[in-house]
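Chains as they are written, first to last, in numbering that gives the first Met the number 0: chain P, 0 to 372; chain E, 0 to 372; chain Y, 0 to 372; chain Z, 0 to 372. Following: one structure in structure tokens, then a few remarks.
4 protein chains.
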Amino acid sequence: MAGLRFGLIGTGFIGRAHAIALKAVGTVFGIEAPVCELLADTTTDSAAQAARALGFRRSTGDWQALVADPQVDVVDICTPNHLHREMALAAIRAGKSVYCEKPLANTAGEALEIVQAAEAAGVRNHVGFNYIRNPMVRHARELIRQGGIGDVCGFRGYYLEDYMRDPATPWSWRCQRSLAGAGALADLGSHLINAVHFLLEPVARVQGKLQTVYPVRPDPRDGRPRPVENEDVARALFETGSGIPGTFEISRIAGGYKCGLGFAVFGTRGTLTFDQERMNELRLYTDGSPPGERGFRTLLAGPEHPDYAAFCPAPGHGLGINDLKVIEARDVLRSFAGEGDPWPDFREGYRVQRVMEAIEQSHAAGGWVSVPA
Amino acid sequence: MAGLRFGLIGTGFIGRAHAIALKAVGTVFGIEAPVCELLADTTTDSAAQAARALGFRRSTGDWQALVADPQVDVVDICTPNHLHREMALAAIRAGKSVYCEKPLANTAGEALEIVQAAEAAGVRNHVGFNYIRNPMVRHARELIRQGGIGDVCGFRGYYLEDYMRDPATPWSWRCQRSLAGAGALADLGSHLINAVHFLLEPVARVQGKLQTVYPVRPDPRDGRPRPVENEDVARALFETGSGIPGTFEISRIAGGYKCGLGFAVFGTRGTLTFDQERMNELRLYTDGSPPGERGFRTLLAGPEHPDYAAFCPAPGHGLGINDLKVIEARDVLRSFAGEGDPWPDFREGYRVQRVMEAIEQSHAAGGWVSVPA
Amino acid sequence: MAGLRFGLIGTGFIGRAHAIALKAVGTVFGIEAPVCELLADTTTDSAAQAARALGFRRSTGDWQALVADPQVDVVDICTPNHLHREMALAAIRAGKSVYCEKPLANTAGEALEIVQAAEAAGVRNHVGFNYIRNPMVRHARELIRQGGIGDVCGFRGYYLEDYMRDPATPWSWRCQRSLAGAGALADLGSHLINAVHFLLEPVARVQGKLQTVYPVRPDPRDGRPRPVENEDVARALFETGSGIPGTFEISRIAGGYKCGLGFAVFGTRGTLTFDQERMNELRLYTDGSPPGERGFRTLLAGPEHPDYAAFCPAPGHGLGINDLKVIEARDVLRSFAGEGDPWPDFREGYRVQRVMEAIEQSHAAGGWVSVPA
Amino acid sequence: MAGLRFGLIGTGFIGRAHAIALKAVGTVFGIEAPVCELLADTTTDSAAQAARALGFRRSTGDWQALVADPQVDVVDICTPNHLHREMALAAIRAGKSVYCEKPLANTAGEALEIVQAAEAAGVRNHVGFNYIRNPMVRHARELIRQGGIGDVCGFRGYYLEDYMRDPATPWSWRCQRSLAGAGALADLGSHLINAVHFLLEPVARVQGKLQTVYPVRPDPRDGRPRPVENEDVARALFETGSGIPGTFEISRIAGGYKCGLGFAVFGTRGTLTFDQERMNELRLYTDGSPPGERGFRTLLAGPEHPDYAAFCPAPGHGLGINDLKVIEARDVLRSFAGEGDPWPDFREGYRVQRVMEAIEQSHAAGGWVSVPA
């Protein structure tokens, strides 16, 4: 059987990560390698150059040609947020399987439109939430499911980076609501909300507070102050459907944090903590030791944990961020072949979006806001 | 000049810590040692035994006799929370200086009554918030004041312990509102709120959520389930008077945490983090290094930090929790001698109480609740 | 230009890592991808199966056919240690470029034979020491070269794993001198010695002590005790050529350590520490801060560090062990194209072997043993 | 019963620590407090001033008067190393119990002279090795004794500080052999050797290497270079009496380390690690968890560990360096009352000294040197 043929749109940070993952996934998992068929970028030239660098067979400066191309089985969308909707809808119309980066759209309304189109058309779909592919995050989920920390009774989640901490960092599309949607909430918070959904269950109620520390940034064209239209920091209290409470803290201006996505899951019989900056570690506290010998254990990722062994048979040697994308590519290939779990699909992308909007509404109105069921 | 003569009421956990501190403070700081004059406990016998063990000159089974004793200059209140009010008011009436453990009272109303009595009587007063005496916490404050992390734009505070995590832990006075006031909020959260006041400024608005994971606990008399009347966990969003936002997470059932009082202070030019479980460390991120060589620095407590040198001339050798009480005793002695900063005084105890009540009100009503000015 | 065509011998742990790296290196670095031309394994069937799984064009059960194959430019040797010599010599005779895993051979004598053959034949050659490809290790070297920690005056090196800690772990070829050469010293210590050579300069004198904690292990065929012929642990004092002293500690039975390759480099103006289990971190102490604000900084790998940006433009997101092999593959491609640094070449493999032998001699004889120049 | 009456000689770093401990020990342990009877310093005035600051009843500028004073039961020697011998011998002749700081003397010969005098006179004696009083170090020892990590098969010990790292740090008595004896080995290494004796058993053979990075330092009188007569760094391989091998690394110029006394104890069933800079933690690895959930546990000091509860009933609140001296004072009081373990006595001080001398001899001669039995 020939591998699925990918058409990749976008060659920035995340587009390159997709390309690297598509190259490696066959060898890592010993499965049929996908075909890097067609690459679209903003111009014919830049697309051709990227195709050479990233190892794609063909290239185009016209993403619509890519969507229409009969040699493309999967449309893989790695463009800035505001382009997701139009491209996803076009790909759905063309009957392609669609793999889209997070956040799915800029508003819950747009996300719902995409979900409904995909479900109506019956096309397979997937959102690229890479952090939940981490073997240690998956192991955390299994531990929770098996009751390893008892009943979950609390959650702390944070995602801290500092890529916009410097007030001299210029204004970019990320600062404009029509292009980026929310700020830190969309870029970083979407991962965190997805992690709660992955580890526990959907978020049902929120009480949030947004903060824009730098209301203007220098326009890269002329250096003049230009308004920032979304938040630098989001904080929230939340509850899941069954009533598990928690906190969120999400920032793009938290000095010193580079990929500070982390959580603590509190249970009636133990605690789990994780931090992506030490992505090969999971800290676990349980009572299973005599008094005087209890303490948080630092578990190092190894072949006992999901998917690790495909990368390395020896424990503790360490996976990297791109390896998470390789696992995700495997998940996408399985899902698009009708095997395995299609989650996180577009509907999950929509659910995440609704939680984000509820936080924004709570910020505006005060008090608890329910996430529509 | 003779040292101040202390009358200590209460010989439990914190009473012993006071006694140890009173013995050491003179030698550590090279100042006039206070006199361990009189000790009160619940019976004549237990008081006599404790006085021998803790090195007090005299003892009594009647705390009112202690308050009235002419050889006592300072009444030092280390009893369970619900006794603070009556004892403090009596000591104030007797014109004594009063040193009271946190929380000052079980309600903001009672706390205000004590404050007003003390201020009307003109007696000196102090609340025992020991964690802010830590040289590294004081250093954090100085760094913040000096602009070492720029303008403060966010705060994360948590205080996690697990002393009531086991559902089999029996019901105690800590579970009864009339004896303990709030639960985790009063016992642990009071320290955290005080830390915000110490490091930044008063908390002005809160939005909170309380949680009682174990609504009943076995009565120690007969093992039958007895209702727990206060919260195991408190979470809140808050803002200070000038609008700095933050989060609180406070738990007495957080598995694996033993003295997990910590904070992160986010500034426009850096970040500070602290955790009492590693109380001799402060983590600091600033930009003062070339790219590629930036990162959180782990500062080890040393003689460059406030008060450390009184304990040890060599850096990194480590202070302990009881040393914080020694610093506090020095602060009390100074303050009661009319030197140095009388803060945290009873009024601060009252302010902390009001923040706690505002969190409780927000839990009940939803939405933001302002702390009365 | 077509990519170099690789013939890979061996499909175990490290052979798969080579295959994964060869697939990814073109896309990661935007260079001409090497061709996965031919795969040799012990039988025709296993080779065919591995070729499918790992994405090689052709396969063979006869490694000598691979060496002779005119479509193969590079012979990539990933077999157990005792096979390196014969295969490398054959590849050299065939005029191929040779890429061989560490350790180069089982004795210094064999290693020298290989070096001399390669140098006489003028074929390009490279040894697979992957840990020194780590961006943080390379950054450490640059810092040292630039005088960032002053003059180097001491070194601590360790490599701790526990893969043979359980006495029930069966006897394997790793326990037999004729197959594996030394024990922990060859498998793990070779990396550590190479790291000293990379970071500082060649080791010149050693004083060593070997230890075999489990002198027999169960034979996998019949469970009967079978003698272990090499060491579980090696410890040594050493000096480099210019007189920098240091210590080595190398163990395959150190409970809890999974990839505990680490070092501390002490300089007259600072200290650097690294541990592969936290491979994305480098800890650096220098005096460049005011008193009271000095401490070890934890540098997180990012695009400011060598080669990181090829994998990810965002700092702190984390590389993994397989990414080090991708960097190594890039180094091999450059080196075999006559560009870039051919080091670590076979001669370095030989130098490492001599240090290992000197440690063994010192163990036997006591006292300092010089490494022949 | 009245408390033992102490005569303290020396009021520097360690003398103050003794005074603080003597003040606190009665209250902490609920035992008869020792009496701070007499303090000797170099002049009448400085002694009087120190006595006031440290809370001693009387003072003298003549240590021989202190030794002869009939109100003094215990002579407590906290002076620079080279004075220990004369003072200890005088105190022994006076029939006093003698409590002397480490190292006992400047040479093994002198140490033996003191031991023989004390044993001949039958006076009680004790050496002040404070780090082994740490509840976590004691717990480590208990775990080892109980077989918690199986049979011990290796040890790594280090003691790193940086108090002389700056070449501008002036010459002091610590640099002169006749005053200080060895350098880092005596000041720091003595603790480490004692820790091996405490945790395992006596060191029997060593192979060592000394290093003086700064052979001259500025004379504080005139700034001119003055020779440093002892080592900045000592490294050694060692074996205990039963053949457990290990390494030592001891430095007074290791940048960034402030109290870096640490060890790893490797056993056949687990590993223990400790570092004094995080003195309230012990890291323990054992197999007692399912695969996938194994890892180093961080044990936080608490009332389950020896002596902790005397300071604080709540776990994780943290002891400090001065608390170790309080435990030591309790040990001394017990031992001088004929109760409890008199170890580490002067004979242990002598054994430590012999190991230090063996390391020096090995440095000079090369090869293994046995420590005389």
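Don't be surprised by glycine CBs; every beta carbon is placed ideally from N, CA and C. In this text the structure is predicted, and so the values were computed from the model without any measurement.
Query	Result
Residues bridged to Ile8/Y (per DSSP)	Ala39/Y, Ile76/Y
Cβ neighbour criterion (16 or more within 10 Å) applied to Glu347/E	buried
Spatial distance of Ser189/P from Glu276/P (CA atoms)	18 Å
Phe128/P to Ala313/Y span [Cα, whole Å]	16 Å
Cβ separation of Arg223/P and Pro214/P, assumed to be a contact under 8 Å, to the nearest whole Å	Wrong, their Cβ atoms sit about 14 Å apart, outside the cutoff.
Cutoff 8 Å: Ala46/E Cβ touching any chain Z Cβ	no
Buried/exposed call for Ala16/Z, threshold 16 Cβ in 10 Å	buried
Inter-residue spacing [alpha-carbon to alpha-carbon] between Leu199/Z and Pro134/Y	40 Å
Alpha-carbon to alpha-carbon, Ser177/P and Trp170/P	14 Å
Cross-strand partners of Asp274/Z (DSSP beta bridge)	Gly261/Z
First through last residue of the alpha helix (DSSP H) which encompasses Pro134/E	134-144
Rounded separation between Arg353/Y and Val368/Y - CA only	11 Å
DSSP three-state assignment for Ile30/P, whether helix, strand or coil	coil
Chain Z contact for Tyr284/Y (CB, 8 Å cutoff)	yes
Cβ-based burial, Asp40/Y [other Cβ within 10 Å; buried from 16]	buried
Three-state class that DSSP yields for Leu281/Y in the structure shown	strand
Outcome for Thr42/E when other beta-carbon atoms lying within 10 angstroms are tallied against a minimum of 16	exposed
Helix, strand or coil at Lys95/Z according to DSSP, with G and I counted as helix	coil
Other residues of its chain near Ser250/Z: CB distance less than 6 Å, five sequence neighbours each side excluded	Leu159, Ala183, Val232
Where the beta strand (DSSP E) through Tyr307/Z begins and ends	No beta strand (DSSP E) holds Tyr307/Z; the alpha helix (DSSP H) holding it covers 307-310.
Beta carbon proximity, Leu299/E to chain Z, threshold 8 Å	yes
Best match in Ala50/E, Val325/E, Gly156/E, Arg4/E for proximity to Arg132/E [C-alpha to C-alpha]	Val325/E
Residue span of the beta strand (DSSP E) that contains Arg296/Y, given as start and end	294-299
CB contact below 8 Å: Phe295/P versus chain Z	yes
Assumed close pair Gly156/Y, Val73/Y - CB separation to whole angstroms, cut-off 8 Å	With 8 Å as the limit, Gly156/Y and Val73/Y do not qualify as a contact, their Cβ atoms being about 31 Å apart.
Same chain only: Cβ atoms within 6 Å of Gly2/Z, ignoring 5 sequence neighbours per side	Glu31, Ala32, Pro33, Val34
Neighbouring residues, chain E, relative to Phe262/P (Cβ below 9 Å)	Simply none; closest approach about 12 Å.
Under 8 Å between C-beta atoms of Asn341/Y and His83/Y	The sequence given here has Pro at residue 341/Y, not Asn. For Pro341/Y and His83/Y, no; Cβs fall outside 8 Å.
With 16 other Cβ atoms within 10 Å as the buried cut-off, status of Asp44/Z	exposed
Alpha-carbon to alpha-carbon, Thr239/P and Gln210/E	14 Å
Closer than 8 Å at the beta carbon, the chain P residues around Arg84/E	The contacting residues do not exist; Arg84/E stays about 32 Å from chain P at best.
Pairwise C-alpha distance: Ala328/P and Glu85/P	23 Å
Rounded C-alpha distance that separates Gly255/P from Thr267/E	11 Å
Boundaries (first-last residue) of the beta strand (DSSP E) holding Lys208/P	202-210
Gly315/P burial status per 10 Å Cβ neighbour count (16 or more: buried)	buried
Interface flag, Gly60/Y vs chain Z, CB-CB below 8 Å	no
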